[in-house]
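**Q** First the structure, then my questions, so here it is.
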Amino acid sequence: MLAALAAIALASAGLVAAGAATARAEEPDFFGFSAGGYDVNDDQTAAEFRVEYRSDLRFWKLVPFIGLAGTTDAAIYGYAGLGLDIFFGRRVVVKPNAAFVGYHEGDGKDLGGEFQFRTGGEIAWRFDDYSRLAIAFHHISNAGIYDDNPGTELLVLTYSVPLTKAPK
Numbered sequence: 194m195l196a197a198l199a200a201i202a203l204a205s206a207g208l209v210a211a212g213a214a215t216a217r218a219e220e221p222d223f224f225g226f227s228a229g230g231y232d233v234n235d236d237q238t239a240a241e242f243r244v245e246y247r248s249d250l251r252f253w254k255l256v257p258f259i260g261l262a263g264t265t266d267a268a269i270y271g272y273a274g275l276g277l278d279i280f281f282g283r284r285v286v287v288k289p290n291a292a293f294v295g296y297h298e299g300d301g302k303d304l305g306g307e308f309q310f311r312t313g314g315e316i317a318w319r320f321d322d323y324s325r326l327a328i329a330f331h332h333i334s335n336a337g338i339y340d341d342n343p344g345t346e347l348l349v350l351t352y353s354v355p356l357t358k359a360p361k
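Rendered as structure tokens:
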């Protein structure tokens with residue numbers, strides 16, 4: 194888990210150093226809707242649906258978010274974390290992120306316990322109204338805090354709607 198976080202941090206720093214612009218102060222808050230695959234790397238694949246709120250507040254350049262997800266196998270999880278918007282021009286936004294997760298397996302995959310970590314990122318296209326269409330990939334695991342740590346991978350398509358008017 195620490196290696197994954199370190200890799201995300203290093204990649205983010207490298208992108209910023211290469212000339213990308215980070216989180217813009219005028220970015221609005223968003224409400225996102227996602228659908229895709231849960232446990233896409235294993236034999237217990239299910240559909241996943243999630244909703245997420247992304248704040249317009251910034252902590253340094255980090256963007257806080259909170260969300261709720263469920264699968265067709267009745268697994269549900271809530272999460273909260275921080276992400277970093279990295280802009281390539283006006284349209285392309287790369288967002289590495291990490292979150293704490295509260296997980297209930299339902300009839301889905303046993304991840305070893307209720308407390309999990311989610312790391313990953315997305316690449317998005319930003320429209321004129323600041324809405325975003327993104328593809329996101331995440332890994333959820335308990336980082337070895339329980340005896341069993343199978344982990345799972347998520348691949349979703351996300352549409353994020355700005356909750357405030359786009360700046361001119």
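Be aware that the sequence shown starts at 194, since it is given in this note's numbering, and climbs by one per residue.
Every residue gets a Cβ at the ideal spot worked out from N, C-alpha and C, and that includes glycine.
Quick caveat, the model's predicted, so the values are computed rather than measured.
Taking the alpha carbon of G271 as the point to measure from, which residue in D278, G337, E245 and V286 has its own alpha carbon closest?
**A** It is E245 whose Cα lies nearest to the Cα of G271.
**Q** Under three-state DSSP, which class holds R319?
**A** If DSSP states are grouped into helix, strand and coil, R319 belongs with the strands.
**Q** Could you give the distance in angstroms between the alpha-carbon of A210 and the alpha-carbon of I279?
**A** Low confidence applies here, because A210 scores a pLDDT of 40, under 50, leaving its location unreliable and the question unanswered by this model.
**Q** Within 10 angstroms of the Cβ of A206, are there 16 or more other Cβ atoms? Answer buried if so, exposed if not.
**A** Its pLDDT being 48, under 50, A206 is placed unreliably in this model, and the coordinates cannot settle the point.
**Q** Residue range of the beta strand (DSSP E) that Y231 falls in?
**A** That run of the beta strand (DSSP E) goes F223 to Y231.
**Q** Alpha carbon to alpha carbon, how far is G263 from F310? Give it in angstroms, no decimals.
**A** F310 and G263: Cα-Cα distance of roughly 16 angstroms.
**Q** Kindly indicate which residue of L326, V349 and E219 has the alpha-carbon position closest to the one of H332.
**A** Out of L326, V349 and E219, V349 has the C-alpha closest to the C-alpha of H332.
**Q** In chain order, what residues of the same chain lie with their CB nearer than 6 angstroms to the CB of G225, ignoring the 5 residues before and after it?
**A** Contacts found: E245, T351 and S353.
**Q** Nearest-angstrom Cα distance between F293 and L261?
**A** Each residue's alpha carbon lies about 12 angstroms from the other.
**Q** Pull up the distance between the alpha-carbon of L198 and that of E241, whole angstroms please.
**A** Interpretation of L198 is limited by its pLDDT of 47, a score under 50 that renders its predicted location unreliable; the figure taken from the coordinates is listed afterwards. Looking at the two C-alpha atoms, the distance is approximately 24 angstroms.
**Q** If we ignore side chains and look at the alpha-carbon of each, how far apart do P343 and D235 end up?
**A** Between P343 and D235, the C-alpha separation is close to 10 angstroms.
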